[in-house]
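Participant:
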Amino acid sequence: MRPTEPAIGFVSLGCPKAVVDAEHILTRLRAEGYRTVGGYDEADLVIINTCGFIDSAVTESLDAIDEAVQANGRVIVTGCLGSRADTIRARYPQVLAITGPHDDQAVIAAVHRHLPRPHDPFLDLVPPQGIRLTPTHYAYLKISEGCNHRCRFCIIPSLRGPLVSRPLGDIVQEAETLVRAGVREILVVSQDTSAYGADTKHRVGFVGGRAVRMSFAELVRELGRLGVWVRLHYVYPYPSVEDILPLLDIEGVLPYLDVPFQHAHPRVLQAMLRPAGRVHPLACIKAWRSIRPDLVIRSTFIVGFPGETEEEFTTLLDFVADAGIDRLGAFTYSPVEGAAANALADPVPEAVREERLERLMTHQAAVSAARLARRVGQTCDVLIDATTDQGLIGRSYAEAPDIDGVFHVQGKGRVGERVRVRVTDSDTHDLFAVVS
Ligand code: SF4
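This note's numbering applies: residue 1 is where the sequence shown begins, and numbers increase by one.
Right under this line is the structure:
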């Protein structure tokens, strides 16, 4: 590092899609010779990549802007909350620039304007896979941007626009670069993964000179050829999911689906205007597991959506047990500014929302413990994430990083290595194993 290199402080908040946006911006800046620093004091300028999904995320984003303005003073704001420039500008008129999500060009232009790029950009210091915020052995891969749905609790389509799928050749090329750089697990992210290519009417594209249709099944098939784990997030229960089930595992794509059902009662799903809202979630999971009995399902749910009755909530509880939801995240309904759901009648009182969340999580803990106990005695591969004094920490096909439980493993292994283990014990969310 040379002292003349301008220094950027970077704070990234929000979901994995925001992480990918942050990685693209950081990669561009590093390629141009900017360096990133960990403290406000050392930074010539600070970029805040915000989230605006729910009210608590908005508060966290505004707090981050506030902290950067106080500590440094030269601040650029980007990300989902950047779409509400007036709100930010009203509170922080001194902010240098505000851009919306997925707008690397505008962020880079703002950096150039307020912190001119260095003359000697050290291009060869940037690794070909770009700057990544994840550990070197796994990486998020964004396959599309935006969403064509209008779920009543969500404002993402108004922030990020309609679905735009990346060309399949570009996705595969990026994935190959990641694998060459040592990535052993690719986490596919988007707003709506199983809709991949729908915006292009599934036109034919090219992957390494081969003509391939831009569809969910072809995407899975192409990524499955890479020889690393591929994990699918944000999958909706469209008919296209059945096309990929026979490919799971055989092609290296894990038999794990992250399906954000958000609820299980048909009336609530339709009131939410969920994608495939007329599909019955339980029938859907039963059909999938009749093809892949070992399929692990992760899902997220909202409790206390306006009008949700006690009986409808009980349907959700029953569903979690009957469907055998392996991993679960849940939120209480939160009225986001600009969301259509705010106008719905019969809001559920906050105390009831909180109580339902607690009941759901307690219920899920028992379901999770029972499902994990079934794995004791089995063998499986575990990707090592960390080594500690107490042993190895890793994950199998059934656990995504950061959001699911982990494996505690006794035996030898290195970070990024895949080891074969025998499961010896389990608790509510984690598993215990020895290298076999
Ligand atoms: S599918 Fe629904 S919740 Fe997901 S981004 Fe689109 S509108 Fe929002």
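In this text, a Cβ means the ideal position worked out from N, Cα and C, and glycines have one as well.
Over the uninterrupted beta strand (DSSP E) stretch that includes Asp66, give me the two end residues.
Facilitator: Premise fails: Asp66 lies in the alpha helix (DSSP H), Asp55 to Ala71, not in any beta strand (DSSP E).
Participant: Where does His24 sit, in a helix, a strand or coil, going by DSSP?
Facilitator: His24 falls in the helix class under three-state DSSP.
Participant: Given a cut-off of 8 Å, decide if Lys142 and Val20 are closer than it, judged by their beta-carbon atoms.
Facilitator: Result yes, Cβ atoms of Val20 and Lys142 sit closer than 8 Å.
Participant: Residues in the same chain with beta-carbon distance under 7 Å from Ser299, minus the five sequence neighbours each way, listed in chain order, please.
Facilitator: Closer than 7 Å at the Cβ level, and outside the excluded window around Ser299, lie Val259, Pro260, Phe261, Ile325 and Leu328.
Participant: If I'm right that Ala339 touches Ile155 with Cβ under 8 Å, what's the distance once you round it to whole angstroms?
Facilitator: Correct: roughly 5 Å between the Cβ atoms.
Participant: For the 8 Å Cβ check, are there 3 or more pairs between the region 31 to 49 and the region 146 to 162?
Facilitator: Cβ pair count under 8 Å is below three, so no.
Participant: Given this structure, state the Cα-to-Cα distance separating Ala370 from Leu344, to the nearest angstrom.
Facilitator: Distance between the alpha carbons of Ala370 and Leu344: 38 Å.
Participant: Bridge partners of Ser144, per DSSP?
Facilitator: Paired residue(s): Ser165.
Participant: Going along the chain, which residues of its own chain have a beta-carbon closer than 6 Å to the beta-carbon of Val11, five neighbours each way excluded?
Facilitator: Ile48 and Ala64, listed in sequence order.
Participant: Does any C-beta atom of chain B lie closer than 8 Å to the C-beta of Arg221?
Facilitator: In the structure shown, chain B cannot be found, because there is only a single protein chain.
Participant: Taking DSSP as the reference, what is the three-state secondary structure of Pro511?
Facilitator: The chain is shown from 1 up to 436; residue 511 falls before or after that span and cannot be answered.
Participant: My output table needs one value for Ile285: the three-state DSSP class, helix, strand or coil.
Facilitator: Correct three-state label for Ile285: helix.
Participant: Tell me the start and end of each unbroken beta strand (DSSP E) in the region 280 to 367 that is at least 3 residues and wholly inside, in chain order.
Facilitator: Listed in chain order, they are 296 to 303 and 327 to 332.
Participant: Check whether the region 107 to 114 touches the region 156 to 169, counting contact only when three or more Cβ pairs, one atom from each stretch, lie closer than 8 Å.
Facilitator: These segments do not touch.
Participant: Using DSSP bridges, identify the partner residues of Tyr138.
Facilitator: BP columns for Tyr138 point to Glu185.
Participant: Put Pro401 into one of helix, strand or coil per three-state DSSP.
Facilitator: DSSP places Pro401 in coil when its eight states are reduced to three.
Participant: Taking all protein chains shown into account, decide if Ile302 is buried (16 or more other Cβ within 10 angstroms of its Cβ) or exposed.
Facilitator: Buried is the call here.
Participant: Which residues share a DSSP beta bridge with Phe216?
Facilitator: Bridge partners of Phe216: none, in fact.
Participant: Using DSSP with H/G/I as helix, E/B as strand and the rest coil, what is Leu81?
Facilitator: In the structure shown, Leu81 sits in a helix (DSSP, three-state: H, G or I).
Participant: Using 7 Å as the cut-off, classify the Cβ of His149 as near or not near the heavy atoms of the ligand SF4, replying yes or no.
Facilitator: Checking the Cβ of His149 against the ligand SF4 gives yes.
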